[in-house]
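First residue of the sequence shown? That's 0 in numbering that gives the first Met the number 0, and the numbers climb one at a time after it.
Beta carbons are placed, not taken as given, at the ideal position from N, Cα and C, and that holds for glycine.
Note that the coordinates shown come from a computational prediction; the quantities given were computed from them, not determined experimentally.
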Amino acid sequence: MDKKIKEALLVRNERIIEAVIEKSVRVCPGSVALIGIYGSFATDDIHEKSDLDLFIVINDPDGYKISSCFILGDVAHDVYCTTWEQLEEMARYSNPYISRLMDLKIVYCPDDKYRQRFMELRDAACKRLSSSLSESDLQNIKVHFGEAQRSYADVMMSEETERARYASARLIYYSEMIVFLMNKSYVRLGVKRRPEEIERMQRLPSGFLVSYHLLVEADSLRSIKRHSTSLIRFIKDEIEEIKSKVQSKKKLDRQALEGSYEEIHSDWKNKMGLAAKIGGKYLSLMTAASCQFFYDQMSEEYEGVSVDLMKHFDINDLSASAKAFDEAMEKYKLLYEKNGVDVKRYATIEEFEDDYRNH
0 MDKKIKEALL VRNERIIEAV IEKSVRVCPG SVALIGIYGS FATDDIHEKS
50 DLDLFIVIND PDGYKISSCF ILGDVAHDVY CTTWEQLEEM ARYSNPYISR
100 LMDLKIVYCP DDKYRQRFME LRDAACKRLS SSLSESDLQN IKVHFGEAQR
150 SYADVMMSEE TERARYASAR LIYYSEMIVF LMNKSYVRLG VKRRPEEIER
200 MQRLPSGFLV SYHLLVEADS LRSIKRHSTS LIRFIKDEIE EIKSKVQSKK
250 KLDRQALEGS YEEIHSDWKN KMGLAAKIGG KYLSLMTAAS CQFFYDQMSE
300 EYEGVSVDLM KHFDINDLSA SAKAFDEAME KYKLLYEKNG VDVKRYATIE
350 EFEDDYRNH
């Protein structure tokens with residue numbers, strides 16, 4: 000960049016900052032805790048149209064009086080205020096947009112106690128960034144993946160290329176956020192540098208980069224859908240890999256199992272038999288899926304539970320599906336035997352009455 004242009008931009012910035020400080024002292028004394036610079040002027044990645052990114056931390060609602068968004072010449076600026084609560088949320092690292100906390104260059108702070116509080120929050124974020132991936136990180140990743148899935152659904156439901164492209168941009172955005180979180184990193188540079196930051200990541204889902212770039216460049220409805228599918232699958236596989244390493248499971252025991260086999264019998268077994276008898280495809284499908292959800296929940300929570308009923312479900316052979324259901328139940332029953340749990344079963348009502356009333 001031309002030296003004179005850069006000097007002019009820095010002078011402009013200084014005058015904006017001085018105006019903000021002067022107004023804060025005049026209209027809301029005590030409300031502003033600190034003012035800092037982030038973005039392109041903090042990273043020195045500037046061009047002649049770069050705007051000044053000011054980060055203003057306020058102590059109370061009066062601080063919003065200095066907020067403003069304006070166009071100076073042909074460059075727009077926003078004077079944006081942030082509360083301590085919002086800053087604390089950044090320190091928790093629930094999303095990677097924390098450069099304002101991590102890279103801020105403080106230019107005004109009327110009291111050292113505010114600087115100290117700010118630095119404590121930065122230190123807290125640093126600790127989270129330097130730690131290994133945890134269950135908390137996994138939960139944050141899952142939140143963004145949920146948004147990515149919704150964006151993917153919008154892509155696949157789109158019948159016009161422009162709507163699919165718009166939805167794919169959201170998918171790309173959330174995919175980027177997931178990758179940052181997987182790498183315990185944060186967004187340091189502007190949007191034009193985002194692909195560069197992504198490419199430098201140490202941990203990327205297998206096949207991610209190729210699909211990522213192809214989706215950006217996709218020029219037809221078909222290609223947008225195809226590359227969106229590849230991208231979401233690669234991310235899902237990586238999340239499953241992370242889950243297997245960081246998500247702790249409880250040890251399966253008697254207390255966790257007791258009554259669960261009987262519940263499967265009560266809620267679903269006879270419905271599968273009835274569906275096979277009457278040819279009820281809907282009943283068979285929804286019953287099997289409901290039971291599979293139960294198995295999946297147990298697998299998520301406890302070690303050693305793995306039952307895949309749907310793998311053997313056949314919508315065109317409901318008798319075979321009912322048999323597959325019974326076989327899955329017997330596989331689950333083995334967990335009872337392994338943990339010394341007896342199935343609570345009675346041959347007669349009298350046997351039930353005697354046992355139930357006396358225990």
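Three-state secondary structure (DSSP) at Gly272? Taking the first residue of the sequence shown as 1, we reach residue 272 at position 273. Reduced to three states, the DSSP call for Gly272 is helix.
Excluding the 5 residues flanking Ile105 on each side, which residues of the same chain have their C-beta closer than 6 angstroms to its C-beta? Looking up residue 105 in the sequence shown gives position 106. Contacts found: Leu33, Gly35.
His264 versus Asp325, Glu47, Asp295, residue with shortest Cα-Cα distance: Against the sequence shown, residue 264 aligns to sequence position 265. Here the closest residue by C-alpha is Asp325.
So which of Val31, Arg91, Lys248, Tyr331 has the shortest CA-CA distance to Tyr113? Position 114 of the sequence shown, counted from the start, is the residue given in the question as residue 113. Closest by alpha carbon: Val31.
Under a three-way DSSP split, which group does Ala32 fall into? Position 33 of the sequence shown holds residue 32. Note: Ala32 maps to strand in three-state DSSP.
Rounded to the nearest angstrom, what separates Arg169 and Val10 at their Cα positions? Your numbering for residue 169 matches position 170 in the sequence shown. Your numbering for residue 10 matches position 11 in the sequence shown. Taking the straight line joining both Cα atoms gives about 37 angstroms.
The alpha helix (DSSP H) enclosing His212, as first and last residue numbers: If you number the sequence shown from 1, residue 212 lands on position 213. First-last of the alpha helix (DSSP H) with His212: 207 to 216.
Ala75: first and last residue of the uninterrupted beta strand (DSSP E) it sits in: In the sequence shown, residue 75 corresponds to position 76, counting from 1. Note, Ala75: beta strand (DSSP E), 74 to 82.
Limits of the unbroken alpha helix (DSSP H) element including Tyr331: Indexing the sequence shown from 1 puts residue 331 at position 332. First-last of the alpha helix (DSSP H) with Tyr331: 317 to 337.
Taking contact to mean 3 or more Cβ pairs, one atom from each stretch, closer than 8 angstroms, check whether the stretch 230 to 244 and the stretch 168 to 185 are in contact. yes
How close, in whole Å, do the beta carbons of Lys280 and Ile314 come, if the pair is a contact with beta carbons under 8 angstroms? If you number the sequence shown from 1, residue 280 lands on position 281. If you number the sequence shown from 1, residue 314 lands on position 315. Contact flag correct, Cβ pair sits at about 6 angstroms.
Taking 7 angstroms as the cut-off, decide whether the C-beta atoms of Met89 and Leu100 are in contact. The count along the sequence shown starts at 1 and reaches residue 89 at position 90. The count along the sequence shown starts at 1 and reaches residue 100 at position 101. Yes, they are a contact pair.
Does DSSP put Val56 in a helix, in a strand, or in coil? The count along the sequence shown starts at 1 and reaches residue 56 at position 57. In the structure shown, Val56 sits in a strand (DSSP, three-state: E or B).
Give me, in chain order, the residues of the same chain whose beta-carbon lies closer than 8 angstroms to that of Gly278; leave out the 5 immediate sequence neighbours on both sides. For this step, residue 278 is matched to residue 279 along the sequence shown. Hits under 8 angstroms: Leu317.
Is it a yes or a no for the stretch 328 to 347 touching the stretch 251 to 260, going by three-plus beta-carbon pairs under 8 angstroms? yes
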